[in-house]
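Participant:
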Amino acid sequence: MSTKEFAPDRPITFAAEREMPPMAVSLGTTLANKTGSWRYLRPVYDEKKPPCNHACPAGNDIRGFIALILKGRLAEARELLCETNPFPAITGRVCHHPCELECNRREFDEPLSIRALERLAGDKGYKALRAPHKRHEERIAVVGSGPAGLSCAYFLARRGYHVTILESEREPGGMLRWGIPEYRLPKGVLDRELALLKGMGIELKVGVRVGQDVRLEELDADAIFLAVGATKGLELDLPGLEAEGVLHGLEFLKRVNFGERVELGERVAIIGGGNTAMDAARVALRLGAKPIVIYRRTRAEMPAIPEEVEAALEEGIEFLFLAAPIEVLTTDGQLKGARFTRMELGPPDETGRRRPIPIKGSEFEMELDNLILAVGERPDLSFLPEGVELKEGRVNDPVLVRALKAPIFAGGDAATEAGTVVDAIASGRRVAEAIDRHLRGLPEPAKGEEPVLVPFARINLDYFEPRPRVQGRTLAVPERVTNFREVELGLSLEEGQLEAERCFSCGVCNQCDNCITYCPDVAISRHDDEYEVDYDYCKGCGICAQECPRWVISLVEEEK
Amino acid sequence: MAAEVELKAGIPSGRKVITGNYAVSYGAALARAQVIAAYPITPQTQIVELLADFCAEGLLQAKFIKVESEHSAMAACIGASAVGARAFTATSAQGLALMHEMLHWAAGARLPVVLANVNRAMGPPWSIWTDQNDSLSQRDTGWIQYYCESNQEALDTVIQAYKVAERVSLPAMLVLDAFFLSHTSEPVEIPEQGLVDRYLPPYRPKYKLDLADPRAFGGITMPSEYFELRYKIQKAMEEALAVAEEADLEFKRLFGRGYGLVEPYRLEGAELALVTSGTVTSTARLVIDRLRAEGEKVGLLKARLFRPFPTSLVREHLLGILKIAVIDRNISFGHGGIFAQEIKSALYNHGQPPLFGFIAGLGGRDITPELIEEIIEYALSHDRPEEEIIWMGVKR
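Residue numbers (this note's numbering), protein chains in the order written: chain C, 1 to 560; chain L, 1001 to 1396.
Here you go:
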C-alpha cells in the first residue's frame, strides 16, 4: 500500500520478525510522530528594522521602496516614499543621505546608491496626487515655503486640513529654490514637485512677507506654523567686511538663482567648509571665476556632503585648508585682498571636531577680487517680538501666546540646528502631527520601544557576492563648468534594478524561500508572501534562522 | 532511476587478454551498473577508469559520480541503491577503511551495492602490495565477501555478486589480490551481454526511495525492533549461502564456468588438506600436482566465499582428513590468521583434526611454490603445530 493512503495515527507494532520489513522503513507516513514535541527553541518570523530606515531623518521605508524598484514598480516606490517625504525627486538629488552611511553593505563592499534610487523613484514614479477629502474645518497658516513649510502643509492636507502657505519671495520653495544651485536641483524638478501640492488643494500665497505685508496677529488661522528657515548669513568679526566685493554665500546664491547677473572678478575666495561654501564655489566657477575655498579646519572636518567636495575638486576648484581670514584689505572701499592666518588643530571642541587655533606669525596675504563668506546661517526672526527663541513644536513664549488667537508652532531650520533638507522635511511632518493632535485634542503618542536594528554581523554573507555599486552617470567636467546643467544624470530603470538587487534587505523578508529549502522537517510552507511554520513537526533545530540571509527569523525559547 | 538502460553499441564479447582490474570493469559494465561512484586509489584506479571510459563512450549508460572520498563514494552508492539503481564502486586498503561506517550503512539498510576491493596491505607503513587485512577487517559489517583467484573469476564474480546481493538484499564485495591479479593480464572470456541480461534481470527492490510513494528510511529504531532487524540480516546471510550456490550453478549452466563457494582440488584420499584463498591457490595447485606425482597424499581446498562462511561445505570437505594447513595472507593481531580461525571454528564440535595456521606473504611478499612446499613439509612432519601461529619466512 502506498504510504499516501496509509496514515496511521499511532505507531505500527509487530508481533513477529516475519511481519517486519527487512530494513528500518516507514510503512505509512511518519506524521504520527510529532517531532515538534522535541523543540525547545521556536523559530518565529520577526522582522527587524534595517539600519538605513532607522538612519533616515524622514523615516523613509528605504528597504521597502528599493524592493519595489527591484520589481519595476516605480509609481508604488514613489508612493511609499511619499508616506514620509513629499519630495523624493528633491531629496533624491540633494539629501546628505545618512542612510548610505549606515547601509550594512558598506562593510561588505560599498553602500547602496540609495539617494540615486530615491531619485529614480521620485522622477520616474511621478504621478499626480488627488486632493484629499477636507475632513476638518480648521485652517492652518504656514509661514515659509521651504522644505519644512511644504512638508508640514503636505501632511496636514493629507489629514484633511485647509492649508495656506505664505511665502515672502515671489516664488515658492525657500532654500530649495534660491539656496541650491540649478546644477544640483533644477527648477523644473522643484516646480514639478510643487505642482503636486497645488493639486492637493494647498493654497500658496507668494510675495507676502509676514511682519511686513501682514502681521502675524492678522493671520486668519486655527493654527500657525512658522517655518521661516535660516536665511541670514553669519558674519565674521573682520575689519573691512563692508568693502565692495565682499559677498555673503546665501545672498550670492540667491541672486544667481533668481537670474540676476552677478559680476565676479577672477580671483574669488570662499570662506567656509559647508554646503553653502561648496555651492558658492561651484557657482562662482560657472560664472567664470577662479574660486578658492579657504577652510580653517581640514577636509575631514568639512560639514559639506562629501560628494559635493569631491565634485568641486573634480571641477578643479582649489582648496586651502587650515587657514582663516583676519583682515579684509581694501583700497577706497574696494576689496583688494585679505590677510589670513594659518591654523592648527587643537583638542576637540563642543561639536566634537578639533578646534582650529591660529599659528602665531603665520599670517599671509592674498590678492582677491571677491570674498564670499559662507560660515553658517541663522534664522531671521526680526518679525517676532524681541527675545523669542524658537524650538521645534508649540511656541510657548507668553508675549506671543497672548498676542495670538491661534496656537503657534515652529519647525525647520528656524527652530532646529540640523540645516539639511531632509531634516526640515522631517521637522515639518512632526509638526504637522503635533498640530493635528492639538486640534483634535489627542494625547502625545507613547514613546515606542527602541527598534531592533540589524547589525552587519547578522547578515549571512554566504548568500551575497561582492559587486560594485551602480553609480549614476554624471556630466563630464568640461561639459558642466561653463553652465548650470544638472551634473548628476540619475539611473535608468535597468541600472536601478541592478543596484536594488544589491540590497541585503536587512531584517525584512523578501520571500527568498531559503527557510523552506533548508527545513529538514519540511515544516515550513509559504502562502503568498506569508510563511507558516508547522510547529507540530518543527524540531527547533534553528537551521532556518541560520540560513536566513537577512535575520528575519528569530529563535525564541519555548516556555517550559 | 531504476529504469532499464540500453547499451548503445554494447560491450563487445569474446576472448581478450586483460588485467584483473579491467576484468572487474567488464563485469560491472555487463551487469549494467547504473551508478558508479568512486575515488581513485592504487591499485584499484584502473577499474573505475575503464568504467569512466565506457560511460564516456556511451558503451555503458551509467551515472559516473566523482566524489571527494571513499566515504562519499559509498554514500553515493547507498543513495543510488536506495532509489533502486544498481550501484558499483571499487577501492583498496585505506579507501575501504574510510568507507567503514558506510559499509555498515549499506548492509543495515539492506542495499545490494557491489564493491570490488583490490587487496592491498594497510598502512602504515605505506605499502601498495597485496595482503588481505583490508577486506578481512570489514568481516563484521554485514557484507558478502568473495575472494577471487583469476581475472576470469573476478569478472564472473561481479555478475554473480549482483545476483546474490539483490536476491538477499545485502551488499557484496569481491576481492582480488593487488598486482598478482589487478595488474596481471590473462586471457578472459567476455560473455555476451544478452546472456548476462538473462542471468541478471533488472533490480526491482520492494522498498525504495520514491517520490510517488514517500517513505522514511533508516529512522531511529527502538530496542523492541532493532534486535529483530539484526536477526533478519543473519537470516539473509544464511539464505545467501544457498542463493550463492544456486547462482553459481546457474552461471555454470549459462556460461560454462562455475567456481563453487569452496573448491576442493585433489582432496580425494588426502591426508593433508591445504586451505588457501586468492592467487595463492593457483601456486598451490602446482605444488599439489607435483607432490601428488611424488605420491604424497595432499590436496587443496580453495576458500572463495568468506561471508557468509560456508561452514557445512567446509566440514563436508575437510572432516576425515588427518591434518589441515591453512595459509593466511593476513593477521588478526593478538590471535592469528583469520581463515585459520574460521576453519577451526567450523570444525569445532565436529571432530578436531590438527590444524596448522601459517602466516605468509604479508605486504605482497611472494608466496613461492618452495614456500608452499615448506608449509606442507612442516605439516606432514609434525603431529601437532608447535606454535599457534607459524610464521613463514620471518627473518630472525
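Yeah, the Cβ is synthetic: ideal placement off N, Cα and C, and Gly gets one too.
My output table needs one value for Trp1143 (chain L): the three-state DSSP class, helix, strand or coil.
Facilitator: Here residue 1143 (chain L) refers to the residue found at position 143 of the second sequence. DSSP places Trp1143 (chain L) in coil when its eight states are reduced to three.
Participant: Name the chain C residues that come within less than 9 Å of Tyr1231 (chain L), Cβ to Cβ?
Facilitator: Taking the second sequence and counting its residues from 1, the one referred to as residue 1231 (chain L) is at position 231. Within 9 Å Cβ-Cβ: Glu17.
Participant: Can you name, in chain order, every residue of its own chain whose Cβ lies under 8 Å from the Cβ of Leu1249 (chain L), other than the five neighbours on each side?
Facilitator: By 1-based counting over the second sequence, the position of residue 1249 (chain L) is 249. Hits under 8 Å: Gly1258.
Participant: Would you mind working out which of C:Lys539, C:Ile326, C:Gly146, C:Thr420 sits nearest Lys34 (chain C), comparing C-alpha positions?
Facilitator: If you number the first sequence from 1, residue 34 (chain C) lands on position 34. Of C:Lys539, C:Ile326, C:Gly146, C:Thr420, the residue nearest in Cα terms is C:Lys539.
Participant: Can a CB atom of chain C be found closer than 7 Å to the CB of Leu1166 (chain L)?
Facilitator: On the second sequence, position 166 is the one that residue 1166 (chain L) refers to. Before going on, a small fix: residue 1166 (chain L) reads as Glu here, not Leu. No, because no Cβ of chain C sits closer than 7 Å to the Cβ of Glu1166 (chain L).
Participant: Since Ser1224 (chain L) is in the alpha helix (DSSP H), which residue starts that stretch and which ends it?
Facilitator: Translated into the one-based positions of the second sequence, residue 1224 (chain L) becomes position 224. 1223 to 1255 is the extent of the alpha helix (DSSP H) around Ser1224 (chain L).
Participant: Mind checking if Pro57 (chain C) is an interface residue toward chain L, Cβ cutoff 7 Å exclusive?
Facilitator: Translated into the one-based positions of the first sequence, residue 57 (chain C) becomes position 57. Taking Cβ atoms only, chain L never reaches closer than 7 Å to Pro57 (chain C), which makes this a no.
Participant: Using a cut-off of 9 Å between C-beta atoms, extract the partners of Thr30 (chain C) located in chain L.
Facilitator: Locating residue 30 (chain C) in the first sequence gives position 30, where the first residue counts as 1. Those within 9 Å of Thr30 (chain C) in chain L are Arg1215, Ala1216, Gly1219.
Participant: Quick check: is the beta carbon of Ser1169 (chain L) nearer than 7 Å to any beta carbon in chain B?
Facilitator: You won't find chain B in this structure, because its protein chains are C and L.
Participant: Using a cut-off of 9 Å between C-beta atoms, extract the partners of Val522 (chain C) located in chain L.
Facilitator: The residue you call residue 522 (chain C) lines up with position 522 of the first sequence. Result: empty, since nearest Cβ-Cβ is about 10 Å, beyond 9 Å.
Participant: Leaving out five residues on either side along the sequence, give the residues of the same chain with a beta carbon under 6 Å from the beta carbon of Leu1096 (chain L).
Facilitator: In the second sequence, counting from the first residue as 1, residue 1096 (chain L) sits at position 96. Cβ neighbours of Leu1096 (chain L) beyond the five flanking positions: Asn1117, Asp1134.
Participant: Under a CB-based cut-off of 7 Å, is Ser525 (chain C) close to chain L?
Facilitator: Your numbering for residue 525 (chain C) matches position 525 in the first sequence. With 7 Å as the cut-off, Ser525 (chain C) does not count as an interface residue toward chain L.
Participant: Applying the criterion that 16 or more other CB atoms from any shown protein chain within 10 Å of the CB defines a buried residue, is Trp1126 (chain L) buried or exposed?
Facilitator: Residue mapping note: residue 1126 (chain L) aligns to position 126 of the second sequence, counting from 1. With fewer than 16 Cβ atoms within 10 Å of its Cβ, Trp1126 (chain L) is classed as exposed.
Participant: Assuming Val293 (chain C) contacts Ala281 (chain C) under a Cβ cut-off of 8 Å, what Cβ separation, rounded to an integer in Å, is found between them?
Facilitator: Sequence index remark: in the first sequence, residue 293 (chain C) carries index 293 (1-based). Sequence index remark: in the first sequence, residue 281 (chain C) carries index 281 (1-based). Confirmed, about 5 Å.
Participant: So Ile1324 (chain L) packs on Leu1318 (chain L), CB below 8 Å; how close in whole Å?
Facilitator: Here residue 1324 (chain L) refers to the residue found at position 324 of the second sequence. Here residue 1318 (chain L) refers to the residue found at position 318 of the second sequence. The pair is a contact, with the Cβ atoms about 6 Å apart (cut-off 8 Å).
Participant: Can you tell me whether DSSP reads Val1394 (chain L) as helix, strand or coil?
Facilitator: By 1-based counting over the second sequence, the position of residue 1394 (chain L) is 394. It is coil, neither helix nor strand.
Participant: Between the Cα of Arg440 (chain C) and the Cα atoms of C:Gly160, C:Glu17, C:Ala75, C:Gly72, which residue gives the shortest distance?
Facilitator: The residue you call residue 440 (chain C) lines up with position 440 of the first sequence. Measuring from the Cα of Arg440 (chain C), the nearest candidate turns out to be C:Gly160.
Participant: Using C-beta distances below 8 Å, list every residue in its chain close to Gln1193 (chain L), excluding the 5 sequence neighbours before and after it, in chain order.
Facilitator: In the second sequence, the residue the question calls residue 1193 (chain L) occupies position 193. Leu1007, Gly1010, Ile1011, Ser1013, Leu1030.
Participant: If you draw a straight line from the C-alpha of Leu1111 (chain L) to the C-alpha of Arg1307 (chain L), how long is it?
Facilitator: By one-based count along the second sequence, residue 1111 (chain L) stands at place 111. By one-based count along the second sequence, residue 1307 (chain L) stands at place 307. Using only the alpha carbons, I get a separation of about 16 Å.
Participant: Under 7 Å Cβ-Cβ, which residues of chain L neighbour Pro21 (chain C)?
Facilitator: As a first step, residue 21 (chain C) is located in the first sequence; it is residue number 21 there, counting from the start. Within 7 Å Cβ-Cβ: Tyr1207.
Participant: For Met1001 (chain L), I'd like the list of residues in its chain whose CB is within less than 7 Å of its CB, leaving aside the five on either flank, ordered along the chain.
Facilitator: Counted from its first residue, the second sequence places residue 1001 (chain L) at position 1. Note on Met1001 (chain L): pLDDT 39, under 50, position unreliable in the model; no value is reported.
Participant: What do you reckon, are the CB atoms on Cys506 (chain C) and Pro50 (chain C) nearer than 7 Å?
Facilitator: In the first sequence, counting from the first residue as 1, residue 506 (chain C) sits at position 506. In the first sequence, counting from the first residue as 1, residue 50 (chain C) sits at position 50. Yes; because the gap between Cβ atoms is below 7 Å, this pair is in contact.
Participant: What do you get for Glu344 (chain C), buried or exposed, if any count of 16 or more other CB atoms within 10 angstroms of its CB means buried?
Facilitator: Here residue 344 (chain C) corresponds to residue number 344 of the first sequence, with the count starting at 1. Answer is exposed; the Cβ neighbour count stays below 16.
Participant: What residue does the alpha helix (DSSP H) around Tyr1378 (chain L) start on, and which one ends it?
Facilitator: Taking the first residue of the second sequence as position 1, residue 1378 (chain L) is located at position 378. Start and end: 1369 to 1381.
Participant: Using 10 angstroms around the beta-carbon of Tyr133 (chain C), count the other beta-carbons present and answer buried if the total reaches 16, otherwise exposed.
Facilitator: Residue mapping note: residue 133 (chain C) aligns to position 133 of the first sequence, counting from 1. For the record, residue 133 (chain C) in the displayed sequence is His; it is not Tyr. With fewer than 16 Cβ atoms within 10 Å of its Cβ, His133 (chain C) is classed as exposed.
Participant: Measuring from the CB of Gly496 (chain C), is there a heavy atom of the ligand SAH at a distance below 6 Å?
Facilitator: Inclusion of the ligand SAH in the displayed structure is not the case, the ligand content being empty and no account of it being possible.
Participant: Nearest chain C C-beta to Glu1149 (chain L) closer than 7 Å, yes or no?
Facilitator: Position 149 of the second sequence holds residue 1149 (chain L). By this cut-off, Glu1149 (chain L) is not an interface position.
Participant: In three-state DSSP terms, what is Met278 (chain C)?
Facilitator: Along the first sequence, one-based indexing puts residue 278 (chain C) at 278. Residue state, collapsed to three classes: helix.
Participant: Please state the DSSP three-state secondary structure of Gly1336 (chain L).
Facilitator: To locate residue 1336 (chain L), count along the second sequence from 1; it is residue 336. Looking at Gly1336 (chain L) - three-state DSSP - the assignment turns out to be strand.
Participant: Can you list, in chain order, the stretches of the alpha helix (DSSP H) that have 4 or more residues and sit fully within the stretch 293 to 332 of chain C?
Facilitator: Segments of the alpha helix (DSSP H) lying fully in the stretch 293 to 332 of chain C: 306 to 314.
Participant: If the cut is a Cβ gap below 7 Å, which residues of chain C does Ala1109 (chain L) touch?
Facilitator: Position 109 of the second sequence, counted from the first residue, corresponds to residue 1109 (chain L). In chain order: Met23.
Participant: In the DSSP assignment, find the beta strand (DSSP E) that holds Ala446 (chain C) and state where it starts and stops.
Facilitator: Within the first sequence, numbered from 1, the residue matching residue 446 (chain C) stands at position 446. Taken as a continuous stretch (DSSP letters only), Ala446 (chain C) belongs to no beta strand (DSSP E), as it is neither H nor E.
Participant: Let me make sure I understand the geometry here. Which of C:Glu76, C:Gly179, C:Ala116, C:His96 has the alpha-carbon closest to that of Ala128 (chain C)?
Facilitator: Taking the first residue of the first sequence as 1, we reach residue 128 (chain C) at position 128. Among C:Glu76, C:Gly179, C:Ala116, C:His96, the Cα nearest to that of Ala128 (chain C) is on C:Glu76.
Participant: What residue range is occupied by the uninterrupted alpha helix (DSSP H) comprising Tyr1026 (chain L)?
Facilitator: Position 26 of the second sequence, counted from the start, is the residue given in the question as residue 1026 (chain L). Start and end: 1020 to 1030.
Participant: Of all the alpha helix (DSSP H) runs that stay within the bounds of the stretch 84 to 125 of chain C, which reach a length of 4 or more residues?
Facilitator: Segments of the alpha helix (DSSP H) lying fully in the stretch 84 to 125 of chain C: 88 to 94, 98 to 102, 114 to 124.
Participant: Please confirm if Ser37 (chain C) has its CB atom under 7 Å from at least one CB of chain L.
Facilitator: Counting from one through the first sequence, the residue named residue 37 (chain C) turns up at place 37. No - not a single Cβ of chain L is within 7 Å of the one on Ser37 (chain C).
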